[in-house]
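Heads up: the sequence shown runs through residues 97 to 338, numbered per the working numbering. Scroll down for the structure; my scribbles are underneath it.
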Amino acid sequence: MFTLGLLLLSNVGFPLSPAVLVAQPILSDTVVITEWEVPWERSRPRDPIVDDDGNVWFVGQRGNYIAVLYPSTGEFRRYEIPEGALPHNIIVGPGGYLWYAGNGDAHIGRLDPKTGEVERFDMPDPAARDPHTLQFAPDGTLWFTVQGGNMIGHMDPETGKVDLVKSPIEGSRPYGIVVDGDSRPWIVLFGSNHIATVDPKSMELKLYPLPWEDARPRRLHLTPDGRVWYVDYARGTLGQLD
Numbered sequence: 097m098f099t100l101g102l103l104l105l106s107n108v109g110f111p112l113s114p115a116v117l118v119a120q121p122i123l124s125d126t127v128v129i130t131e132w133e134v135p136w137e138r139s140r141p142r143d144p145i146v147d148d149d150g151n152v153w154f155v156g157q158r159g160n161y162i163a164v165l166y167p168s169t170g171e172f173r174r175y176e177i178p179e180g181a182l183p184h185n186i187i188v189g190p191g192g193y194l195w196y197a198g199n200g201d202a203h204i205g206r207l208d209p210k211t212g213e214v215e216r217f218d219m220p221d222p223a224a225r226d227p228h229t230l231q232f233a234p235d236g237t238l239w240f241t242v243q244g245g246n247m248i249g250h251m252d253p254e255t256g257k258v259d260l261v262k263s264p265i266e267g268s269r270p271y272g273i274v275v276d277g278d279s280r281p282w283i284v285l286f287g288s289n290h291i292a293t294v295d296p297k298s299m300e301l302k303l304y305p306l307p308w309e310d311a312r313p314r315r316l317h318l319t320p321d322g323r324v325w326y327v328d329y330a331r332g333t334l335g336q337l338d
């Protein structure tokens with residue numbers, strides 16, 4: 097997590113081709129921040145994640161691609177994905193496969209970085225139009241949010257089966273998601289003042305209302321003691337659910 101915080105992915109005008117770019121260190125009193133310029137103009141690079149080899153993967157939401165940066169050389173490599181996918185989030189899964197949320201085309205995709213092949217898993221309900229953020233659970237299954245569709249999803253990567261749970265709060269916008277050691281997801285409902293969880297066995301959804309009506313939690317994190325920490329986007333605070 098700290099490594100990601102030191103990698104700033106900017107987006108300026110470069111031709112649509114892989115390139116090796118010279119890293120520019122920025123000095124401060126305590127750290128050195130190095131920037132690599134993404135070589136695809138106005139492609140909205142976002143959501144970087146680091147694999148076991150230290151390579152940085154990210155998606156180009158507007159550019160409709162998955163890409164990797166090799167920090168040791170500054171080289172970028174780009175992988176094309178289905179047109180209109182508009183990827184929002186990417187994670188590294190078992191076997192080194194890359195999984196992304198097809199935010200613009202109602203699917204979850206899996207990229208094999210060795211072959212460049214993408215396998216597509218469509219949503220079983222057309223109302224689940226915009227998969228948003230993905231997280232793997234310790235049991236090997238995949239949990240995800242569907243912001244505009246107002247749902248939380250669960251997928252078995254082995255079979256491709258997807259189960260969807262609709263939020264009982266209209267327009268609650270399920271957004272950030274984390275998964276605990278018991279493979280239970282925790283979700284913030286950005287359009288409301290609630291944190292939610294889903295029982296992985298019964299798929300029953302439970303709500304935890306925050307004590308402020310105007311609270312709007314957006315992202316969250318789990319600490320080893322089992323507490324859920326969240327940022328309140330509207331009120332400018334950090335919160336903790338025990």
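Every residue gets a Cβ at the ideal spot worked out from N, C-alpha and C, and that includes glycine.
{"Check": "Where Pro190 falls: helix, strand or coil (DSSP)", "Outcome": "helix"}
{"Check": "7 angstroms Cβ cutoff met for Ile248 and Ile204", "Outcome": "no"}
{"Check": "Val155 vs Ile186 beta-carbon contact at 7 angstroms", "Outcome": "yes"}
{"Check": "Residues near Asp252 by beta carbon distance below 7 angstroms, same chain, minus five either side", "Outcome": "Thr237"}
{"Check": "CB contact flag (Glu176, Tyr161, <7 angstroms)", "Outcome": "yes"}
{"Check": "Classification of His250 by the beta-carbon crowding that lies within 10 angstroms, buried from 16 upward", "Outcome": "buried"}
{"Check": "Given 8 angstroms, three or more beta-carbon pairs between the segment 315-334 and the segment 265-275", "Outcome": "yes"}
{"Check": "In DSSP terms, what Ala197 is bridged to", "Outcome": "Ile204"}
{"Check": "Rounded distance between the beta-carbons of Thr229 and Phe240, thought under 8 angstroms", "Outcome": "6 angstroms"}
{"Check": "Bridge-paired residues (DSSP) for Glu266", "Outcome": "The partner list for Glu266 (beta bridge, DSSP) is empty, contrary to what the question assumes."}
{"Check": "Boundaries of the beta strand (DSSP E) in which Met247 is found, first to last residue", "Outcome": "247-251"}
{"Check": "Same chain, Cβ closer than 6 angstroms to Ser298, five either side skipped, listed in chain order", "Outcome": "none"}
{"Check": "Closest residue to Ala181 among Gln243, Gly244, Gly198, Val327 (Cα-Cα distance)", "Outcome": "Gly198"}
{"Check": "CB contact flag (Leu337, Val324, <7 angstroms)", "Outcome": "yes"}
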